[in-house]
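Inspection log for the structure reproduced underneath, given as structure tokens.
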Amino acid sequence: MTDQKQTIEDLKKVREQAPLIHNITNYVVMNSTANALISLGASPVMAHAVEEMEDMVGLASALVINIGTLSEKWIEAMHIAGKAAKKKGIPVILDPVGAGATAYRTNTSKSLIDEVKPDIIRGNGSEIMAIAQAGFTTKGVDSTASAESASEGAQELARLSGAVVSISGKTDHITDGRGITKIKNGHHLLGKVTGTGCASSAITAAFASVNNNLVDAACEAMIIMGTAGQMAGARADAPGTFYAHFLDALYQINGEQIKKYWQHDG
Amino acid sequence: MTDQKQTIEDLKKVREQAPLIHNITNYVVMNSTANALISLGASPVMAHAVEEMEDMVGLASALVINIGTLSEKWIEAMHIAGKAAKKKGIPVILDPVGAGATAYRTNTSKSLIDEVKPDIIRGNGSEIMAIAQAGFTTKGVDSTASAESASEGAQELARLSGAVVSISGKTDHITDGRGITKIKNGHHLLGKVTGTGCASSAITAAFASVNNNLVDAACEAMIIMGTAGQMAGARADAPGTFYAHFLDALYQINGEQIKKYWQHDG
Amino acid sequence: MTDQKQTIEDLKKVREQAPLIHNITNYVVMNSTANALISLGASPVMAHAVEEMEDMVGLASALVINIGTLSEKWIEAMHIAGKAAKKKGIPVILDPVGAGATAYRTNTSKSLIDEVKPDIIRGNGSEIMAIAQAGFTTKGVDSTASAESASEGAQELARLSGAVVSISGKTDHITDGRGITKIKNGHHLLGKVTGTGCASSAITAAFASVNNNLVDAACEAMIIMGTAGQMAGARADAPGTFYAHFLDALYQINGEQIKKYWQHDG
């Protein structure tokens, strides 16, 4: 169970250490992910050239692999970087964007899980279920897309892959295969801005770089995302201005806000 | 002639159906286009890998092909996706960004029109004239870049290509080759933010996915863009804050605003 | 020494001439760089296909080569465009993002300097020192990353490469190898938004397109960046809203603000 005090301490650690988070991520969210990490206090780098994957991983404290805008060269870089990160012993977070939408994405996700063995898989309900059904579950999972309905498949996926699985939704579900932790924080406008899921994955990487308990790290990241969303939602009621205030909130969030919104929903 | 009531109804349809708009678009505007579509109520996906083009088109309600940052692999994907979309019967919108600036862009636009046969071509006056002159007009067109001066070439282009042509400018001109509809809505700061033209194309795709009358769909999209721009212009007087308010306006726009700003200019 | 009156006049020239700035830049900052240039009054184009490099350079008033998200094809395009720009006689600005972080980036920077001979190299202290150490200095340079500590290496780099070197930091240092000009303008939140360094390089290109004195052009760009940051800092105290106000400030900045903030720091 995630602890309030620990969350506050780990946020402080992120800001003190400014961990370098290496992102191989999609074109759509590169800018917004970089800004979310900087606002939080971490240091982002985006790099995808196979020629520099090992060097860059060598500098990083965590690696994010996000398959949002795939192509062959990028998949190659993802495998190289992922293996280098595992060898180095830094956490690898996989965001299987669009798994289930196309066979290409489902298969790429599956192959990254099989070969890289990411430490945390963070996606929405549909993506997690698609991966679970692609070979990481022993029974069928419900095909509706809520975090709730995906949680059984997620536990199977966690057990068979060895990764912590983090499903974002109205309530977030985090599991290592032995029980579910639910995070209620969040705001509906987070779903009206592109890339907030991807930012969640990057922020999960930042917390995983300062907390070896990966269930806790994944939970803390979703608490921070959700709380910052709630702070922004108190200042703006539509997506454009909300997003500016969301970055402000990531920059300003502290123990007081974490306590104020602890396990609030909406 | 585009109808006020129809525009309001089609906006409601976009929000109810949340059509998936598949964008093969340029790096510069991927984030802002996705946010414009989400704010409006549609569902964006950006994907360009040839390996998943047919799968992704199979899920989509419309396809946007935008040539803003070209390269060979992307052109190949554009052709594959375009043909799959036409086969499936969903509308294809071509945004020939920078046609006329380089031969590569003009030729790519021409080849996409010849082989894919897009349903709507949306660009600025210079781009439309460049394409018209590249083989879709029987006479010379004026080389100045206003929407007015391009409208004759646009009508020829529409007749010879079979596409509805939508020229954005201070006054937008939409034609199927048999007369011009003019849309006066707009705001000068829309020209001071990158990607608002590209967002127009994506929003045109959203309306084309709910209204088979493609002239009407193209007009409705420009009305929504222009009206949202006017709403934002009432709240901000410089590009940075204007853009945040523009996304807010796309999220908030309703029948009342559409009526209030109907055929206003500036 | 950069002159206040000249800075104001050159800003006017940028707005009157709206020079086309061709950017081969990284995915993270394409949108924000385009918006910074538009807000300032220049015209951005982002293009990287080898097939259109010479055509696009042929239209441009300056070229920016930014290595932030490298890959082989892009490096090839950078060399082609760089050589075409030099042949045409327009200024070439190199932003060696991440030089020193990986050998790939350091070597690419070195090879671009050797073969293209950029007119201005703009980076932070670490990047400039990494390049200087990679063969453009006759003695070791201090390995700390401040602009101050890099300034000796920067002067050597300037003398050996023939480029003006512009180091951004709390105080910016600009040198042609024969003395240093320091610019104090700036705001700490500029370091909390991704891509402000890259925007500096693009704005340097805009000023270099209207002022042949490249030291002055580089200084003017940093004054405008810093002053706009200070204007934004007076309106916002966190990165998300700050960035919107920064773009507003680039749009609004005039002689009055330039005078008001002249050589202010913080």
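Chains A, B and C, in that order, give the protein sequences. With the first letter of the first sequence counted as 1, position 129 gets the number 128 in numbering that gives the first Met the number 0; the numbers rise by one all the way through. With the first letter of the second sequence counted as 1, position 167 gets the number 166 in numbering that gives the first Met the number 0; the numbers rise by one all the way through. With the first letter of the third sequence counted as 1, position 180 gets the number 179 in numbering that gives the first Met the number 0; the numbers rise by one all the way through. Virtual Cβ for every residue (Gly too), placed ideally from N, Cα, C. Quantities reported herein were computed from a predicted structural model and do not represent experimental measurements.
Check your understanding: Over what stretch of residues does the alpha helix (DSSP H) that includes C:PRO43 continue unbroken?
Key -> It is not in any alpha helix (DSSP H) - C:PRO43 instead sits in the beta strand (DSSP E) that spans 42-45.
Practice item. Taking only runs that begin and end inside the region 25-112 of chain A, name each unbroken beta strand (DSSP E) of 3 or more residues, in chain order. Key: 42-45, 61-65 and 91-94
**Study point:** Any 3 or more C-beta pairs closer than 8 Å across the region 21-31 of chain A and the region 187-205 of chain A
**Key:** yes
**Study point:** Contact under 8 Å by Cβ, B:VAL13 with B:PHE206
**Key:** yes
Check your understanding: Hey, out of C:ALA131, C:ALA129, C:GLU114 and C:ASP94, whose CA is closest to C:GLY122's CA?
Key -> C:ASP94
Review point. How is A:HIS186 classed by DSSP in three states: helix, strand or coil?
Key: coil
Point to revise | Contact list for the region 94-107 of chain C against chain B, Cβ threshold 7 Å | key: none
**Study point:** CB contact below 8 Å: B:LEU189 versus chain A
**Key:** no
Exercise for review: Tell whether a beta-carbon distance below 8 Å holds between B:ALA33 and B:MET52.
Suggested key: no
**Study point:** Sequence-distant residues of the same chain with beta carbon closer than 7 Å to B:THR226, five excluded per side
**Key:** ASN184, ILE252, GLN256, ILE257 and TYR260
Review point. Taking C-alpha atoms, which residue in A:MET128, A:ALA59 and A:ASP2 lies nearest to A:LEU19?
Key: A:ALA59
Point to revise | Whether B:ALA243 touches B:LEU36 by CB criterion (8 Å) | key: no
Exercise for review: With distances taken Cα to Cα, identify the nearest neighbour of B:SER31 among B:LEU249, B:LYS82, B:GLN262 and B:HIS263.
Suggested key: B:LEU249
Point to revise | Between the CA atoms of C:GLY232 and A:VAL140 - distance to the nearest angstrom | key: Because A:VAL140 carries a pLDDT of 42, less than 50, the predicted location of this residue cannot be relied on, and no value is offered for it.
Check your understanding: Under the rule that 16 or more other beta-carbon atoms within 10 Å means buried, what is A:GLN3, buried or exposed?
Key -> exposed
Point to revise | C-alpha gap between A:HIS21 and B:ASP9, whole angstroms | key: 43 Å
Check your understanding: By the criterion of Cβ-Cβ separation under 7 Å, what are the contact partners of B:GLN16 in chain A?
Key -> Here the premise fails: no neighbours, minimum Cβ distance about 17 Å.
**Study point:** C-beta neighbour in chain C for B:TYR260, strict 8 Å
**Key:** no
Point to revise | contact_flag[the region 209-222 of chain B, the region 210-218 of chain A] where n(CB pairs < 8 Å) is 3 or more | key: no
Exercise for review: Out of B:LYS109, B:SER125, B:SER150 and B:GLY124, state which residue places its alpha-carbon closest to the alpha-carbon of B:PHE135.
Suggested key: B:LYS109
Exercise for review: Leaving aside the five residues before and after B:ASP264 along the sequence, list all residues of the same chain whose C-beta is less than 6 Å from its C-beta, in chain order.
Suggested key: LYS183
Check your understanding: Count the other CB atoms within 10 Å of the CB of A:LYS191; is the residue buried (16 or more) or exposed (fewer)?
Key -> buried
Exercise for review: Report all residues from its chain with a CB closer than 8 Å to the CB of A:GLN16; omit the five preceding and five following residues, and keep chain order.
Suggested key: SER60, SER208 and VAL209
Exercise for review: Determine which residues of the region 231-244 of chain B have a Cβ less than 9 Å from any Cβ of chain C, and write them out in chain order.
Suggested key: ALA235, ASP236, ALA237, PRO238, GLY239, THR240, PHE241, TYR242 and ALA243
Review point. Under the rule that 16 or more other beta-carbon atoms within 10 Å means buried, what is A:ASP113, buried or exposed?
Key: exposed
Check your understanding: Can you tell me the Cα-Cα spacing of B:ILE92 and B:ALA84, whole angstroms?
Key -> 10 Å
Point to revise | Alpha-carbon to alpha-carbon, A:HIS78 and A:LEU155 | key: With the sequence shown as reference, residue 155 of chain A is identified as Glu, and Leu is not the correct amino acid for it. A:GLU155 and A:HIS78: Cα-Cα distance of roughly 24 Å.
Check your understanding: Where in the region 166-236 of chain A do unbroken runs of the alpha helix (DSSP H), each at least 4 residues long, occur, reported from the N-terminal end onward?
Key -> 195-207 and 213-232
Check your understanding: What do you get for C:THR1, buried or exposed, if any count of 16 or more other CB atoms within 10 angstroms of its CB means buried?
Key -> buried
Check your understanding: What residues in its chain sit with their C-beta under 6 Å from that of C:THR143, if we drop five residues either side in the sequence?
Key -> Annotation note: pLDDT 48 at C:THR143 (below 50); position unreliable, coordinate value reported separately. Correct list: empty, nothing qualifies.
Review point. Of all the CB atoms in chain B, is at least one closer than 8 Å to the CB of A:ALA83?
Key: no
Practice item. In the DSSP assignment, find the beta strand (DSSP E) that holds B:GLY122 and state where it starts and stops. Key: 119-123
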